[in-house]
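A.B. asks: Below: one structure in C-alpha cells.
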Amino acid sequence: MTENMPEKNLNFETVWSDCLKIIKDNLNAQSFKTWFDPIKPVKLESKVLTIQVPSQFFYEWLEEHYIQLLQKTLKQIMGVGAKLEYNIIVENSTPSSAPYTINVPTGNGKKAATNELSLPLNITSKIKNPVIIPGLRKVPVDSQLNPKYHFDNFIEGECNRLARGAGWAVAHNPGGTAYNPLMIFGGVGLGKTHLIHAIGNMIKQINKNKTVIYLSAEKFINQYVESVKSNNQNDFISYYQSMDVLIVDDVQQFAKKERTQEIFFQIFNHLHQSNKQIILTSDKAPKDIKDVDERLLSRFKWGLSADLCIPDFETRIAILENKMYESGITLHRDVVEYMAHNIDTNVRELEGALISLLAQSSLNRKEIDLDLAKQMMKNFVKNATREISIEYIQKLVCDYYNVSVENVKSKTRKREIVQARQIAMYFAKDLTKASLKNIGTHFGNRDHSTVIHACQTVNDLMDTDKKFRHDVDELNKRIRINTY
Ligand code: ADP
Ligand code: MG
C-alpha cells in the first residue's frame, strides 16, 4: 500500500487489515488483543474509513490512548486526508429495544463526539483529570487485598472483555476516568471478586501510597453495627471517607439495611466528590437490585456498569490451562477439553472439578486420563452426566452430518445445514437446562420462537420419516454416552 494507490482499489477490509499489521507492530500483544481484535471495519467512502466498536467506553478508550497511532496508520495506508469514523454499538436502557449504533466522526476529540450524539447514552463521556496528592497517613491501612488475584491470571475472553478493560483503565487512573463508580456484576463464580482484587493490587503496585481498601458489603454492615454499639460511627465514616479507593464486594447485600445504606450513601458522595475511586460488585445488574434506596441505586449507575458472563468453551480451556500452569501440572488435552465441555456453569465449578481430579488421582495413585476424568465427573460434579453443554451437542451433531459448527450458527438456509441446526436445537432443549433464549443465542443469536419451531419440526419428522428417526436415535445415544 502506498499513498499513490488509486482509491477505487481500496477495499475497507483490506485497508483495515493493512492498518492492523502496522498497529500490531506498535503495541504489545495484550493491548492489541483487547482493543483492536474486537473492532470491525464497516465501510470506506471518500477516504473515510468507518469502524465498528463494541461500546462507548471502548470508543473513548481508543480516542484517549490510540488516536495518534490510528491517525498515523491511516495516513500511511490511505494517504493524506484519511479520516476515521466510529459506529458505536449502544445498549439502550429500555429493555424492549435492540442495541443500535451511533456514528461518530473522529479527529476533534471527545467534545465533538458527544455533540454528535443525539441518542440517549448510558455512559457519560466526561473524563476528569484530578491531581491527586496522597496525604501522609499515620496508620497504615491494611488493604485486605488477596495477592493471589491479579490481572495476569484473570483470563480474558468475550465474557469479560469490557469489565476487564474498564478495570484495567481504573487501575491505571483511579478516580480519574469516567468509570466511577465501576460496577461489576454477574452470577456467582464468574470472577467478580477476582477482578476487583486484581484492580486493587494493580493500584497498589503502581502507587503504594494510595490507600485502597477491599471489603464485602456484609463486613461493612457488621462493622457499622459494631460502630453504633460502641458509639463511634463518626470514626467509622471518616475512616472510609479517607480512602483513595474503596472496593465493596456484593453490594446486593445492602438490601433492606436502610441505616447502612444511608451511611454508605454519605461515604459514597464524599469519595465521589473528591474524585476518589469506588469499585463495586453485585450479583445482579443495578436496575435489578431489590430493596436498595433509589438514590443509592442511581449512584451505582453513574459510572460504568460492566457484566461478567459465562466464559465460552475456548476461554474455559484457557482458564483450566492457566490453573494447571499455576499448580505445575500437565493434563492431556482430551481431559481438559472434556472438563471444559461438561462444565459450563461457572469458573468456580470448573476449578472445583480440576481440584477433585487431582485429589482423585493422588488418592488412588492413578494417572489422570480421560477415564478417570469421566469417573470423577460422575462422582464429584452434581449432575455431571446430565450436564451436557450446548457446544458439545453442536459438535457431535455437526460431526455426524459432516457440516461445520460455524455454518450451523450462520444465516445459511442450505437444507443439510438447516437440518443439523434444528436437530442440535432439539437436543439442546431436550438434554440441557438452557432456556430457549439461551439456546437461540448459541445458534447465531436466533430468537426463542426459532428454537420452538425447530423442536416441533424434529418431532414431526421423527413421526413421519424412518431414516430421520434413526439418525436422531443414533445421535441421542452418542450424546448421552457422553464420550468425547
Ligand atoms: P465471583 O466473585 O463472581 O463469585 P470469583 O471471583 O470468586 O467469582 O471467582 C471464582 C473462581 O474462579 C476464582 O478462583 C477465580 O480465580 C476464578 N476465575 C473466575 N474468572 C476467571 C478468569 N477469567 N480467569 C481465571 N480465573 C477466573
Ligand atoms: Mg465474589
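The sequence shown begins at 212 in the working numbering and counts up one residue at a time.
Note that beta-carbon positions come from the ideal geometry of N, C-alpha and C, so glycine has one too.
Helix or strand or just coil, what does DSSP make of glutamine 355?
C.D. replies: Of the three classes helix, strand and coil, the one that applies to glutamine 355 here is coil, per DSSP.
A.B. asks: For the ligand MG, is there any heavy atom lying closer than 6 Å to the beta carbon of lysine 244?
C.D. replies: Every heavy atom of the ligand MG is 6 Å or more from the Cβ of lysine 244, so no.
A.B. asks: Skipping 5 residues on each side, what residues in its chain have a beta carbon closer than 8 Å to that of valine 629?
C.D. replies: Answer for valine 629: Thr623, listed in chain order.
A.B. asks: Mind pulling the beta strand (DSSP E) runs of 3 or more residues that sit fully within the region 410–488?
C.D. replies: If we require 3 residues or more, the beta strand (DSSP E) runs fully inside the region 410–488 come out as 423–427 and 456–460.
A.B. asks: Are there any heavy atoms of the ligand ADP lying less than 6 Å away from the beta-carbon of phenylalanine 362, as far as the coordinates show?
C.D. replies: No; taking the cut-off as 6 Å, the Cβ of phenylalanine 362 has no heavy atom of the ligand ADP nearer than that.
A.B. asks: In the DSSP assignment, find the alpha helix (DSSP H) that holds phenylalanine 698 and state where it starts and stops.
C.D. replies: Because residue 698 is not part of the residues shown, which for the chain are 212 to 695, the question remains open.
A.B. asks: Check whether the Cβ of leucine 568 lies closer than 6 Å to any heavy atom of the ligand ADP, and answer yes or no.
C.D. replies: Leucine 568: no, Cβ never under 6 Å from the ligand ADP.
A.B. asks: Given a threshold of 16 other Cβ atoms within 10 Å of its Cβ, counted over all protein chains shown, does asparagine 340 qualify as buried or as exposed?
C.D. replies: Only weak support exists for where asparagine 340 lies, its pLDDT of 24 falling under 50; the coordinates are left without a value.
A.B. asks: Spatial neighbours of leucine 686 within its chain, please: CB distance less than 8 Å, with the 5 preceding and 5 following residues excluded, ordered by chain position.
C.D. replies: The residues are Leu607, Val608, Tyr611, Ile634 and Phe638.
A.B. asks: Which residues mark the beginning and the end of the beta strand (DSSP E) in which alanine 517 is found?
C.D. replies: 515–518 is the extent of the beta strand (DSSP E) around alanine 517.
A.B. asks: When DSSP labels each residue in this structure, what does tyrosine 390 get in the three-state scheme?
C.D. replies: Coil at tyrosine 390, not helix or strand.
A.B. asks: Based on DSSP bridge pairs, tell me the residues matched to glutamate 156.
C.D. replies: This structure does not reach residue 156, given that the chain is present from 212 up to 695, and the question cannot be answered.
A.B. asks: Report the option in Ala428, Trp379, Glu274 and Lys534 whose CA atom is closest to the CA atom of leucine 515.
C.D. replies: Selected option, being the one with the closest Cα: Trp379.
A.B. asks: Starting from arginine 506, trace the alpha helix (DSSP H) in both directions and tell me its first and last residue.
C.D. replies: Where arginine 506 is concerned, the enclosing alpha helix (DSSP H) stretches over 505–511.
A.B. asks: Quick one: grab the DSSP three-state call for proline 310.
C.D. replies: Annotation note: pLDDT 41 at proline 310 (below 50); position unreliable, coordinate value reported separately. Coil.
A.B. asks: Start and end of the alpha helix (DSSP H) containing asparagine 670?
C.D. replies: First-last of the alpha helix (DSSP H) with asparagine 670: 659–675.
A.B. asks: Measure the Cβ-Cβ separation of lysine 165 and isoleucine 414 and say whether it is below 7 Å.
C.D. replies: Outside the displayed span of the chain (212 to 695) sits residue 165, for which this structure offers no information.
A.B. asks: Tell me whether leucine 393, by its Cβ, gets closer than 6 Å to a heavy atom of the ligand ADP.
C.D. replies: Result no, Cβ not under 6 Å from the ligand ADP.
A.B. asks: Does DSSP classify tyrosine 277 as helix, strand or coil?
C.D. replies: Reduced to three states, the DSSP call for tyrosine 277 is coil.
A.B. asks: Any idea what DSSP makes of lysine 403, helix, strand or coil?
C.D. replies: Reduced to three states, the DSSP call for lysine 403 is helix.
A.B. asks: Just to confirm before moving on: does the CB-CB distance between isoleucine 599 and threonine 556 stay below 7 Å?
C.D. replies: Not closer than 7 Å, so no.
A.B. asks: Counting beta carbon pairs with one atom in the region 437–456 and one in the region 359–377, are three or more of them shorter than 8 Å?
C.D. replies: These segments do not touch.
A.B. asks: Give the single residue among Ala584, Asp682 and Glu525 whose Cα lies nearest to the Cα of cysteine 370.
C.D. replies: Nearest of Ala584, Asp682 and Glu525 to cysteine 370, Cα basis: Glu525.
A.B. asks: Can you tell me where the alpha helix (DSSP H) holding tyrosine 603 begins and where it ends?
C.D. replies: First-last of the alpha helix (DSSP H) with tyrosine 603: 601–612.
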